[in-house]
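Here my numbering is used: the first residue of the sequence shown is 193, the next is one more, and so on. So the structure is just underneath, and the comments pick up after that.
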Amino acid sequence: MCKVQKYDFAGKRSLIGRFQYYVSIVYKFSTHGRTNKIIYLCLGTLRSSGNSTWRVESTDQQLDLEKLKRQEPILFYDELTLYEDELADNGISNLILKIRCMPSGFFVLLRFYMRVDGVIIRCFDTRYHYEVGNTYILREYIERESPVSLLKPEFQSTSDINSVIAQLKTNVHQLEKLFFKTSI
(Lines of atoms letter the chains of each structure in order from A; the text may use other names.)
(Lines give C-alpha, C1' and ligand atoms only; values in the text may rest on other atoms or scores of the structure.)
Protein backbone atom coordinates (compact mmCIF):
# COMPACT_ATOMS: atom_id res chain seq x y z
CA MET A 193 0.00 0.00 0.00
CA CYS A 194 1.28 3.44 -0.94
CA LYS A 195 0.52 6.42 1.24
CA VAL A 196 0.61 9.87 -0.37
CA GLN A 197 0.75 13.07 1.64
CA LYS A 198 0.45 16.49 0.05
CA TYR A 199 2.19 19.44 1.64
CA ASP A 200 1.47 23.02 0.63
CA PHE A 201 4.64 25.09 0.75
CA ALA A 202 3.36 28.07 -1.22
CA GLY A 203 5.79 30.93 -0.86
CA LYS A 204 8.68 28.87 0.54
CA ARG A 205 11.95 29.71 -1.20
CA SER A 206 14.95 27.69 -2.27
CA LEU A 207 18.10 28.77 -4.07
CA ILE A 208 19.78 27.25 -7.10
CA GLY A 209 22.93 29.17 -7.94
CA ARG A 210 21.94 32.78 -8.62
CA PHE A 211 18.26 31.96 -9.05
CA GLN A 212 15.53 31.41 -6.51
CA TYR A 213 12.40 29.44 -7.08
CA TYR A 214 9.20 29.23 -5.13
CA VAL A 215 8.02 25.71 -4.30
CA SER A 216 4.27 25.34 -4.77
CA ILE A 217 3.52 21.73 -3.86
CA VAL A 218 5.51 18.87 -2.36
CA TYR A 219 4.30 15.26 -2.37
CA LYS A 220 5.68 12.70 0.08
CA PHE A 221 5.31 9.05 -0.98
CA SER A 222 5.81 6.18 1.45
CA THR A 223 5.20 2.46 1.28
CA HIS A 224 4.97 0.02 4.15
CA GLY A 225 8.48 -0.92 5.26
CA ARG A 226 10.23 1.33 2.73
CA THR A 227 11.92 4.66 3.04
CA ASN A 228 9.99 7.80 2.29
CA LYS A 229 10.50 9.49 -1.05
CA ILE A 230 9.89 13.20 -1.36
CA ILE A 231 9.13 14.50 -4.82
CA TYR A 232 9.04 18.20 -5.61
CA LEU A 233 6.42 18.93 -8.24
CA CYS A 234 5.34 22.22 -9.76
CA LEU A 235 8.32 24.36 -8.80
CA GLY A 236 6.42 27.48 -9.74
CA THR A 237 8.15 30.63 -10.84
CA LEU A 238 11.88 30.87 -11.37
CA ARG A 239 13.02 34.36 -10.47
CA SER A 240 16.34 36.10 -10.58
CA SER A 241 17.98 36.91 -7.26
CA GLY A 242 18.57 40.46 -8.48
CA ASN A 243 21.81 40.25 -10.48
CA SER A 244 20.33 38.93 -13.70
CA THR A 245 22.08 39.73 -16.95
CA TRP A 246 18.90 39.22 -19.02
CA ARG A 247 15.79 41.34 -19.45
CA VAL A 248 12.78 40.31 -21.59
CA GLU A 249 10.41 42.81 -23.22
CA SER A 250 7.50 42.37 -25.62
CA THR A 251 8.00 44.09 -28.97
CA ASP A 252 6.33 44.70 -32.31
CA GLN A 253 9.61 44.33 -34.20
CA GLN A 254 9.35 41.46 -36.69
CA LEU A 255 12.21 39.21 -37.74
CA ASP A 256 13.73 40.70 -40.89
CA LEU A 257 13.39 37.69 -43.21
CA GLU A 258 14.87 39.61 -46.16
CA LYS A 259 18.04 40.18 -44.15
CA LEU A 260 18.21 36.46 -43.39
CA LYS A 261 17.80 35.61 -47.11
CA ARG A 262 20.82 37.72 -48.13
CA GLN A 263 23.86 35.88 -49.44
CA GLU A 264 26.66 35.95 -46.88
CA PRO A 265 29.22 33.40 -45.75
CA ILE A 266 27.87 30.77 -43.36
CA LEU A 267 30.44 30.25 -40.62
CA PHE A 268 28.55 27.39 -38.99
CA TYR A 269 25.36 25.48 -39.77
CA ASP A 270 23.80 22.43 -38.21
CA GLU A 271 20.41 20.75 -38.17
CA LEU A 272 19.67 18.39 -35.31
CA THR A 273 16.69 16.09 -34.95
CA LEU A 274 16.13 16.08 -31.20
CA TYR A 275 13.06 13.85 -31.27
CA GLU A 276 11.14 11.88 -33.87
CA ASP A 277 8.27 9.41 -33.58
CA GLU A 278 5.85 7.85 -36.07
CA LEU A 279 3.00 7.84 -33.52
CA ALA A 280 2.40 4.10 -33.83
CA ASP A 281 2.15 4.51 -37.62
CA ASN A 282 -0.63 7.09 -37.23
CA GLY A 283 1.34 10.19 -38.23
CA ILE A 284 4.58 11.89 -37.28
CA SER A 285 5.95 14.01 -34.48
CA ASN A 286 9.37 15.63 -34.45
CA LEU A 287 11.45 18.31 -32.79
CA ILE A 288 14.16 19.88 -34.94
CA LEU A 289 16.82 22.47 -34.09
CA LYS A 290 18.52 24.49 -36.85
CA ILE A 291 21.45 26.80 -36.13
CA ARG A 292 23.12 29.17 -38.59
CA CYS A 293 25.98 31.56 -37.76
CA MET A 294 27.04 34.33 -40.14
CA PRO A 295 29.41 37.32 -39.80
CA SER A 296 26.34 39.52 -39.19
CA GLY A 297 24.93 37.37 -36.34
CA PHE A 298 23.11 34.09 -35.80
CA PHE A 299 19.71 32.50 -36.37
CA VAL A 300 18.19 29.58 -34.45
CA LEU A 301 14.96 27.73 -35.23
CA LEU A 302 13.41 25.23 -32.83
CA ARG A 303 10.42 23.54 -34.50
CA PHE A 304 7.97 21.03 -33.08
CA TYR A 305 5.78 19.46 -35.77
CA MET A 306 3.01 16.91 -35.31
CA ARG A 307 0.64 15.34 -37.81
CA VAL A 308 -1.96 12.86 -36.59
CA ASP A 309 -3.30 11.23 -39.75
CA GLY A 310 -6.84 12.34 -40.50
CA VAL A 311 -7.09 14.42 -37.31
CA ILE A 312 -4.80 17.44 -36.83
CA ILE A 313 -1.56 19.09 -37.93
CA ARG A 314 0.27 21.28 -35.42
CA CYS A 315 3.51 23.27 -35.57
CA PHE A 316 5.21 25.31 -32.83
CA ASP A 317 8.15 27.48 -33.97
CA THR A 318 10.58 29.43 -31.80
CA ARG A 319 13.06 31.60 -33.70
CA TYR A 320 16.01 33.52 -32.28
CA HIS A 321 17.86 36.12 -34.33
CA TYR A 322 20.85 38.16 -33.19
CA GLU A 323 22.52 40.90 -35.22
CA VAL A 324 26.05 42.04 -34.34
CA GLY A 325 25.93 45.40 -32.59
CA ASN A 326 22.56 44.86 -30.90
CA THR A 327 22.20 44.44 -27.15
CA TYR A 328 19.28 42.05 -27.62
CA ILE A 329 18.23 38.82 -29.31
CA LEU A 330 14.88 38.90 -31.09
CA ARG A 331 12.65 35.93 -30.21
CA GLU A 332 9.56 34.94 -32.20
CA TYR A 333 7.19 32.22 -31.00
CA ILE A 334 4.37 30.97 -33.24
CA GLU A 335 1.78 28.23 -32.63
CA ARG A 336 -0.10 26.99 -35.69
CA GLU A 337 -2.62 24.18 -36.05
CA SER A 338 -5.57 23.08 -38.14
CA PRO A 339 -7.82 20.06 -38.30
CA VAL A 340 -6.90 17.95 -41.33
CA SER A 341 -10.49 18.19 -42.60
CA LEU A 342 -10.03 21.95 -43.19
CA LEU A 343 -6.90 21.50 -45.33
CA LYS A 344 -6.74 20.89 -49.07
CA PRO A 345 -6.20 17.19 -49.91
CA GLU A 346 -2.61 17.75 -51.13
CA PHE A 347 -1.62 19.05 -47.66
CA GLN A 348 -3.35 16.37 -45.59
CA SER A 349 -0.60 13.75 -45.69
CA THR A 350 2.42 15.41 -47.28
CA SER A 351 5.83 15.05 -45.69
CA ASP A 352 6.87 18.54 -46.88
CA ILE A 353 6.52 20.37 -43.58
CA ASN A 354 7.27 23.84 -44.98
CA SER A 355 4.43 23.68 -47.52
CA VAL A 356 1.92 22.56 -44.89
CA ILE A 357 2.86 25.23 -42.33
CA ALA A 358 1.69 28.06 -44.60
CA GLN A 359 -1.79 26.47 -44.64
CA LEU A 360 -2.19 26.21 -40.84
CA LYS A 361 -4.11 28.70 -38.71
CA THR A 362 -1.93 30.84 -36.43
CA ASN A 363 -3.22 30.72 -32.84
CA VAL A 364 -0.33 32.43 -31.00
CA HIS A 365 2.28 34.88 -32.27
CA GLN A 366 4.62 36.46 -29.72
CA LEU A 367 7.60 38.73 -30.33
CA GLU A 368 10.11 39.51 -27.59
CA LYS A 369 13.48 41.14 -27.20
CA LEU A 370 15.91 39.37 -24.89
CA PHE A 371 18.23 42.13 -23.66
CA PHE A 372 21.62 41.24 -22.22
CA LYS A 373 24.35 43.23 -20.52
CA THR A 374 27.30 43.95 -22.76
CA SER A 375 29.73 43.60 -19.85
CA ILE A 376 29.45 41.37 -16.82
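Backbone N, C-alpha and C define an ideal beta-carbon position, used for all residues, glycine too. Fair warning: this is a prediction, and the values are worked out from it, not measured in the lab.
Taken through DSSP and simplified to helix, strand or coil, asparagine 282 comes out as coil. The C-alpha of valine 311 is placed about 14 angstroms away from the C-alpha of tyrosine 305. Rounded to whole angstroms, the gap between the alpha carbons of proline 265 and arginine 307 is 35 angstroms.
Closest option to valine 324, judged by alpha-carbon separation, among Ser296, Leu260, Leu274: Ser296.
With 16 or more other Cβ atoms inside 10 Å of its own Cβ, valine 356 counts as buried. Histidine 365 counts as exposed, since fewer than 16 other beta carbons sit within 10 angstroms of its beta carbon. Contact check for arginine 331 against threonine 362 fails: the beta carbons are separated by 8 angstroms or more.
The beta carbons of tryptophan 246 and leucine 367 sit no closer together than 8 angstroms.
Counting the other Cβ atoms within 10 Å of the Cβ of leucine 360 gives 16 or more, which makes it buried.
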